[in-house]
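Following the numbering used here, the numbering of the sequence shown begins with 1157 at its first residue and continues without gaps. By construction, the Cβ of each residue, glycine as well, lies at the ideal position given by its N, Cα and C atoms. A quick note: this is a predicted structure, and the numbers were derived from the prediction, not measured.
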Amino acid sequence: MPFTFPTPWQPPVEPGQAFRESCTMQAIVSGVVGGGAGLVLGAVLTPLNSQLQQETEHLPLREQMRRGVREMGSQSRSWGKNLLVIGAVFSVSECFVEKSRGRVCDRPLPPARARPAPVRCLLTLPCAPPPAV
């Protein structure tokens, strides 16, 4: 087997890669995943904090099941909506911060000794301030 020199790493170029990495698509995917997780969590956690047992002790089993499933459905929808919104908002904000941090500046940075001390902030952009007029 002949020796070959390693080549520089090239990112994979796929037809839909730019679409999948867009902020809109990331928000949709994280919203759907968050909503699904919320539905599951709502269904699992509803019996743990339910007040239905005291209300339905005297009812027939069929009515108890009907009320239990109804409460589980409403709790699942509530959890699903909440986690959908949380996932989408987090994903969009993270994507916008990443995009703004990675953008290319049209103004050069001043020399290192003229720069102020670094500020630790998520929204601090790497661009230089506009020149004073």
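> How would you call Leu1279, buried or exposed, if buried means at least 16 neighbouring beta carbons within 10 angstroms?
Replying inline: Position 123 of the sequence shown, counted from the start, is the residue given in the question as residue 1279. Note that Leu1279 has pLDDT 46, beneath the 50 cutoff, so the model's placement of it is unreliable and the number below is only indicative. It is exposed - the Cβ of Leu1279 has fewer than 16 other Cβ atoms within 10 Å.
>> In this structure, how does DSSP classify Phe1175 when only helix, strand and coil are distinguished?
In response: For the purposes of this step, residue 1175 is identified with residue 19 of the sequence shown, where counting begins at 1. Residue state, collapsed to three classes: helix.
> Within 10 angstroms of its Cβ, does Leu1240 collect 16 or more other Cβ (buried), or is it exposed?
Replying inline: Counting from one through the sequence shown, the residue named residue 1240 turns up at place 84. Counting Cβ neighbours within 10 Å, Leu1240 comes out buried, since at least 16 surround it.
> CB Leu1208 to CB Gly1198, shorter than 8 Å?
Replying inline: What you label residue 1208 is simply residue 52 of the sequence shown in a count that begins at 1. What you label residue 1198 is simply residue 42 of the sequence shown in a count that begins at 1. Taking 8 Å as the Cβ cut-off, Leu1208 and Gly1198 do not qualify as a contacting pair.
> So is Ala1174 buried or exposed if we call it buried at 16+ other beta carbons inside 10 Å?
Replying inline: Here residue 1174 refers to the residue found at position 18 when the sequence shown is read from its first residue. Ala1174 comes out exposed.
> How is Pro1216 classed by DSSP in three states: helix, strand or coil?
Replying inline: One-based indexing of the sequence shown puts residue 1216 at position 60. Three-state result, Pro1216: coil.
> If you draw a straight line from the alpha carbon of Glu1211 to that of Asn1238, how long is it in whole angstroms?
Replying inline: One-based indexing of the sequence shown puts residue 1211 at position 55. One-based indexing of the sequence shown puts residue 1238 at position 82. If you take the alpha carbons of Glu1211 and Asn1238, they lie about 27 Å apart.
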